[in-house]
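Colleague: My questions all concern the structure below.
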Amino acid sequence: MARRISMATRSELVEAIVERYRSGSRSDKRLILDEFVAVTGYHRKHAIRVLRQRASEIPGTKRHSLRYGGDVREALVVLWEASERLCSKRLRPLIPVLLPALERHGRLELDAALRGKLLTMSPATMDRLLAEVRVVARGGQRRRAGMSSAVRRSVPIRTFGDWNDPPPGYVEVDFVAHSGTSSSGSFVQTMVLTDIATGWTECVPVRTRESGLVVAAIK
225 MARRISMATR SELVEAIVER YRSGSRSDKR LILDEFVAVT GYHRKHAIRV
275 LRQRASEIPG TKRHSLRYGG DVREALVVLW EASERLCSKR LRPLIPVLLP
325 ALERHGRLEL DAALRGKLLT MSPATMDRLL AEVRVVARGG QRRRAGMSSA
375 VRRSVPIRTF GDWNDPPPGY VEVDFVAHSG TSSSGSFVQT MVLTDIATGW
425 TECVPVRTRE SGLVVAAIK
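According to the working numbering, the residues represented by the sequence shown are 225 to 443, in order.
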């Protein structure tokens, strides 16, 4: 069983081995990965993602993250994974609840300074720190912004704490894209409608996320 080590120590370990991992042969990488998993206790796939993400970082972007080093990013990734990869606007209000739970179960071991940074971090900063790991999690495909990005930014996002016990009839709508690892072309999406009060959920397939088809599916 791997011994517990702090996030700062894990970050230092990543910095120490990432160059060897990046430039090593396949067999070298396998051995380095074995050692990394044994010391950190990470799941093997998560360990691969951590090392690949760190190895692919562009040096010129580090100046934007002077306050938030690798230890902060690594702890944030653990929180993001534990939340089942929530968007940052929904992850932000969940952190004060999720962080103590992960600490109690030994998933995180943070000092006061690092803990404070995670609890005060803005959703925009979370998006920036999670950008590369999200790309890796999607199989290397960056999500297209699309023409509706400006519209989406203008619509306020509610969190679970903003509803104030509404009566049945108020719903949240989300779309699940069935596009595999590529978002190019047309593909089926599932529209998911959930009643906030009762939790009743309806799932309706639509050929594309086109306004006429969406309205027809809702009706």
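Beta carbons: idealized from backbone N, C-alpha and C, even for Gly.
Under three-state DSSP, which class holds Thr-418?
Modeller: In the structure shown, Thr-418 sits in a strand (DSSP, three-state: E or B).
Colleague: May I have the straight-line CA-CA distance separating Val-165 from Ser-280, to the nearest angstrom?
Modeller: The displayed coordinates of the chain run from 225 to 443. Any statement about residue 165 would go beyond what the structure contains.
Colleague: Taking the alpha helix (DSSP H) that Thr-405 belongs to, which residues open and close that run?
Modeller: That residue, Thr-405, is in no alpha helix (DSSP H); it is neither H nor E in DSSP.
Colleague: Which residue from Thr-418, Leu-326, Lys-443 and His-402 puts its Cα closest to that of Thr-432?
Modeller: Closest option to Thr-432, Cα to Cα, is His-402.
Colleague: Tell me the rounded alpha-carbon separation between Ile-241 and Thr-344.
Modeller: Straight-line Cα distance between these residues: approximately 30 Å.
Colleague: Do the CB positions of Leu-300 and Leu-310 come within less than 8 Å of each other?
Modeller: No, the Cβ-Cβ distance between Leu-300 and Leu-310 is not below 8 Å.
Colleague: Just to confirm, is the Cβ distance from Glu-298 to Val-263 under 8 Å?
Modeller: No, the Cβ-Cβ distance between Glu-298 and Val-263 is not below 8 Å.
Colleague: Can you tell me which of Trp-424, Val-416 and Gly-423 puts its alpha carbon nearest to the alpha carbon of Ala-441?
Modeller: When each option's Cα is compared against that of Ala-441, the closest is Val-416.
Colleague: Among the residues of its own chain, which have a CB less than 8 Å from the CB of Thr-425, if the five just before and after it don't count?
Modeller: These residues qualify, in order along the chain: Val-416, Leu-417, Thr-418 and Asp-419.
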